[in-house]
Every structure is written in structure tokens, then in C-alpha cells.
Amino acid sequence: MIRSDIIRGHLDSIILRLILEKDRYGYEISKEISSRTDNRFQIKEATLYAVFQRLEKKELIESYFGKVSKGGKRKYYGITSLGKAYLKETVAEWEETKEIIDLFMEGLN
Amino acid sequence: MKKLKNHVNELFKDVPESEQKNAVIQEVIQNLEEKVWDLMEQGKAEEDAINKAIVDFGDIGDLKKELGINPSVKKDNTKLNLGYSIWGSLLIISLFVFINFYYTPDVIWFVYPTFAVLWWPLTMYFKWLRNK
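Order-wise, the sequence lines are chains P and Z. When we follow our numbering, the leftmost residue of the first sequence carries the number 1, and every step to the right adds one. When we follow our numbering, the leftmost residue of the second sequence carries the number 110, and every step to the right adds one.
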């Protein structure tokens with residue numbers, strides 16, 4: 001599995017992206033990340049909840065309780081307009097970062 | 110499922126009590142239960158499923174940091190302290206001046222205690238500057 005400390009700095013963006021598509025709850029997000037990456041990257045749940053706390057504190061996402069499922073009430077997260085703006089910014093930043101890192105990482109073989 | 114709840118409560122044991130903490134615990138338990146159901150549907154025994162959910166959960170160091178007591182912003186009192194020290198020292202100095210000229214008008218000695226007292230507002234002034 002890939003070293004997670006490189007991805008760590010982008011977890012906020014990854015989760016915002018998933019919530020942007022539609023409102024989701026915790027377990028759904030961790031499942032979605034695993035399936036989209038073919039299990040090459042798995043987020044630890046503990047990390048996930050830390051990200052939720054952080055994003056909610058920054059008002060980039062908001063939560064509400066959904067319908068009762070097998071266990072109990074699911075807590076759903078939706079993106080705020082501030083969150084959308086933030087995500088857009090990080091995407092632009094990532095493009096830039098990618099280009100810069102590529103300058104040094106590519107063409108070595 | 111009781112084992113799951115116990116485990117989660119154990120994880121969060123040293124996080125200070127708060128509404129936020131309880132909300133997170135509820136959320137975590139709910140999601141973990143769903144994961145366990147999911148794993149059981151995939152053919153795992155309940156015991157195995159619970160164990161896997163617990164192992165996968167990972168380290169909650171980061172989460173604890175998010176939930177920890179927010180260090181409340183310490184109020185900046187230096188300006189108030191400076192003002193207090195200035196008024197206080199003025200009062201003390203004028204007392205010395207009064208005693209000096211009232212009882213011993215021939216000898217001017219109030220300057221010495223004045224210098225001593227001035228350390229007080231000077232110190233507060235320094236603290237105020239450093240804090241700015």
C-alpha cells in the first residue's frame with residue numbers, strides 16, 4: 001500500500017470531493033475511497049473522523065442526521081459553498097504542485 | 110456489538126467529556142456497526158468482523174487532537190496592568206512627596222523611593238511592549 005503520509009496532506013480535498021458529488025456518511029466515504037483506488041489506498045476511520053471534525057470546524061462541510069439504518073442514525077455530511085470554493089482552490093494548487101514535482105521526478109529512467 | 114461499544118469507549122477514555130465527544134462516539138459506533146454488518150454479509154463470522162473493524166479503525170491520535178480542549182486564547186491584560194501600575198505608582202509617589210514636604214521640607218528625600226517605585230510601571234511597560 002502507498003505511503004499514506006504523502007496522501008495525508010490531501011485528505012481534506014479527497015473527502016471534500018466525495019462529499020461534493022453527493023451527501024455521504026462516514027463508512028460510505030471510507031468504502032468509496034477503497035473501491036475507487038482498488039484498495040491501493042485505504043483511509044483509517046480514525047483519520048476520517050479527525051478530518052470531519054476539522055472540516056466542520058472550518059465550516060467547509062455541515063452534518064445532519066439521516067434516516068435510521070440497521071445500527072442507528074447515520075450522520076451525513078454535505079459540502080457548504082465555502083467548502084466548494086476551498087476545494088476549487090486546492091485543485092488549482094494541486095495542478096501547480098504536480099507540475100513542479102514532475103519537473104524533478106520525471107525523465108530519470 | 111457490545112464489544113465494539115466497549116472498545117470505542119475505551120479508545121476515547123482520556124478525551125475530556127464534551128457534547129462533541131459523545132457525538133463523535135455515537136457516529137463512530139454507528140459507522141463501525143455498519144461496517145461489521147457489511148463484513149458479515151460478505152461471509153465473515155461476527156467475531157471476526159468485529160475484530161477486523163476494530164483493527165482497521167487505526168490510531169485516534171489526530172482525532173484526539175481535534176477533540177482536545179481548545180487552548181482558550183489568553184486575554185491580553187498587559188495594557189490594563191500598565192495603566193494600573195502607572196496610576197498606582199503616581200499615588201504612592203505623591204504620598205511620598207506629601208510626607209516629604211509636610212514633615213521634612215528642608216530635606217528632599219522623596220526622590221529615592223520614587224526611583225524604587227518607578228520599577229513597577231517600567232516593568233509593566235516592558236511587558237506591554239513585548240506583547241504588542
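From the three backbone atoms N, C-alpha and C, an ideal C-beta is built for every residue, glycine too.
Where residue i falls, given that 16 or more other Cβ within 10 Å makes a residue buried
i        : result
Z/Pro180 : Confidence in Z/Pro180 is poor, its pLDDT being 47 and thus under 50, which makes the residue's placement too unreliable to answer from.
P/Phe104 : exposed
Z/Gln139 : buried
Z/Leu113 : buried
Z/Val117 : buried
Z/Val137 : buried
Z/Ala158 : buried
Z/Glu175 : buried
P/Ile43  : buried
Amino acids of chain Z, ordered along the chain, whose beta-carbon sits closer than 9 Å to that of residue i
i       : result
P/Tyr76 : In chain order: nothing, as chain Z lies at least about 10 Å away.
P/Ala50 : Ile169, Gly170, Asp171, Leu172, Lys173, Lys174, Glu175, Leu176
P/Thr90 : Under the 9 Å cutoff, chain Z gives no residues; its nearest Cβ is about 19 Å from P/Thr90.
CB-CB length for residue i against residue j, believed under 8 Å
i        : j        : result
Z/Val133 : P/Tyr64  : Contact doesn't hold; Cβ gap of about 15 Å is too wide.
P/Tyr86  : P/Leu60  : 5 Å
P/Phe41  : P/Ile33  : 7 Å
P/Tyr25  : P/Lys58  : Rounded, the Cβ-Cβ distance is 19 Å, inconsistent with contact.
Z/Leu148 : Z/Lys161 : 6 Å
P/Leu11  : P/Val68  : Not confirmed; about 29 Å, so no contact.
Reference residue i; option with closest CA among the options
i        : options                                : result
P/Leu82  : P/Leu20, P/Val51, P/Arg24, P/His10     : P/Leu20
Z/Val145 : Z/Val226, Z/Gln135, Z/Glu156           : Z/Glu156
Z/Leu204 : Z/Tyr193, Z/Trp218, Z/Thr187           : Z/Trp218
Z/Ser198 : Z/Pro214, Z/Val226, Z/Thr187           : Z/Val226
Z/Lys111 : Z/Gln129, Z/Glu142, Z/Phe121           : Z/Glu142
P/Ile15  : P/Asp102, P/Asn39, P/Glu56             : P/Glu56
Z/Val124 : Z/Lys114, Z/Lys153, Z/Val137, Z/Gly177 : Z/Gly177
Z/Tyr221 : Z/Pro230, Z/Asp215, Z/Asn209           : Z/Asn209
Z/Pro230 : Z/Ala158, Z/Tyr211, Z/Ile159, Z/Leu189 : Z/Leu189
P/Lys22  : P/Gly72, P/Lys84, P/Ile7, P/Arg8       : P/Lys84
P/Ser13  : P/Lys73, P/Gly66, P/Glu95              : P/Glu95
Whether residue i touches residue j by CB criterion (9 Å)
i        : j        : result
Z/Gly167 : P/Ala92  : no
P/Gly78  : P/Glu89  : no
Z/Trp228 : Z/Leu191 : no
P/Gln111 : Z/Gln129 : No information on residue 111 of chain P is available, as it lies outside the stretch 1 to 109 that chain P covers here.
Z/Lys240 : Z/Asp165 : The amino acid occupying residue 240 of chain Z in the given sequence is Asn; Lys does not appear at that position. In this structure, Z/Asp165 does not lie closer than 9 Å to Z/Asn240 by Cβ.
Z/Met233 : Z/Ile201 : no
Z/Ile169 : Z/Phe121 : yes
Contacts that residue i makes with chain Z (C-beta to C-beta distance below 8 Å)
i       : result
P/Lys44 : Asp165, Phe166, Gly167, Asp168
P/Arg54 : Glu175
P/Gly72 : Gln135, Ile138, Gln139, Glu142
Chain-ordered chain P contacts of residue i [CB-CB under 9 Å]
i        : result
Z/Asn240 : The contacting residues do not exist; Z/Asn240 stays about 27 Å from chain P at best.
Below-9 Å beta-carbon distance, residue i vs any chain B residue
i        : result
Z/Gln151 : Within the model displayed, chain B is absent; protein chains P and Z are what it includes.
Chain-ordered neighbours of residue i on chain Z, where CB pairs are closer than 7 Å
i       : result
P/Tyr27 : Asn140, Glu143, Lys144
P/Thr47 : Gly167, Asp171
Residue i: contacting residues in chain P (beta-carbon distance under 8 Å)
i        : result
Z/Val117 : Those do not exist, as Z/Val117 stays about 10 Å from chain P at its closest Cβ, beyond 8 Å.
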